[in-house]
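Counting from 1, one number per residue, gives the positions in the sequence shown under UniProt numbering. Accompanying notes for the structure given below.
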Amino acid sequence: MKKIVIAIDGYSACGKSSTAKQVAALLKYKYVDSGAMYRSVTLYFLEHYVDMDNPKSVARALSEIDITFHRHETTGQNETFLNGLNVEKEIREMRISDNVSQVSTIKAVREAMVSLQKKMGKSKGIVMDGRDIGSVVFPTADLKIFMTADFDVRAERRQKELFDKNELVDLDDVKANLKKRDLIDTTRAESPLIKPEDAIVVDTTHMFFKEQVEHIVQLAGSRM
Ligand code: C5P
């Protein structure tokens, strides 16, 4: 069976990452959470007070950033490291969610991340999720999925996810964040979120997690 490249794109909080992670585990493929990379850049920019409107400051900051993924020994999950430090928890906080879409509009940031992502996909056998994976990072991916879900369902799922990580966030605040990110992500000039023509739409509003995973694994099987 040949190893394939699976691209999963879609709106914020429609279950892309958890689904992609499980699909990769079942296929014994590498999983890359491209959102975690943009979140790590955002964390660095915030902590170092990087002036996002100054191209020189942005370029310097990008040259100082090293993002890697390492498998956790006991959970087996991939965790995100920024300059050698595990930032997996921090990058999911609301302060990052509130700024990440703005940082992700910067052309130099996108170029740096896309170049890294393309390298990660060289050996195939990869599942990557994000906003521009099927359109820009892997335009020739063997399988492209575009995930969606009703807005209210997405907001409730995200609130629960934050609650499970001990972050209590008002549902209205979660909704405002998702709305803002969807708008910036779909209207930005640089590689906006679009549904690639050859992508298969998976609406998870009424799907159980197991169902959506099985559906994608089945689609993957038909491309191998
Ligand atoms: O996937 P996640 O919600 O963690 O992504 C956080 C943000 O990173 C998105 O709202 C988007 O602004 C940005 N992003 C992007 N391109 C990607 C992945 C994420 O612009 N491929």
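Virtual Cβ for every residue (Gly too), placed ideally from N, Cα, C.
Separation of residue j from residue i, as counted between CA atoms
i, j, result
"V103", "N166", "26 Å"
"S12", "R181", "7 Å"
"V23", "D129", "11 Å"
"F138", "V5", "8 Å"
"D172", "T186", "21 Å"
"H72", "A36", "16 Å"
"E79", "E90", "11 Å"
"K3", "D170", "43 Å"
"A155", "K175", "6 Å"
"L82", "S222", "36 Å"
"M94", "Q159", "11 Å"
Bridge partners - residue i, DSSP secondary structure assignment
i, result
"G10", "M147"
"K30", "I126"
"H70", "E79"
"V5", "I126"
"L85", "L82"
Span of the alpha helix (DSSP H) around residue i
i, result
"R110", "K107 to M120"
"L209", "The identity of residue 209 in the sequence shown is Phe, whereas the question assumes Leu. Unbroken alpha helix (DSSP H) run through F209: F209 to G221."
"N177", "L171 to T187"
Where residue i sits in the DSSP three-state scheme
i, result
"G130", "strand"
"N54", "coil"
"N99", "helix"
"S18", "helix"
"Y44", "helix"
"D164", "helix"
"E190", "coil"
"S104", "coil"
"A59", "helix"
"I91", "helix"
"M37", "helix"
Where the beta strand (DSSP E) through residue i begins and ends
i, result
"I200", "I200 to D203"
Chain D within 9 Å of residue i, Cβ atoms only
i, result
"V174", "The structure shown contains no chain D, having only a single protein chain."
Problem set entry | Inter-stretch contact (C-beta, 8 Å, three-pair minimum) for the stretch 35–55 and the stretch 197–205 | no
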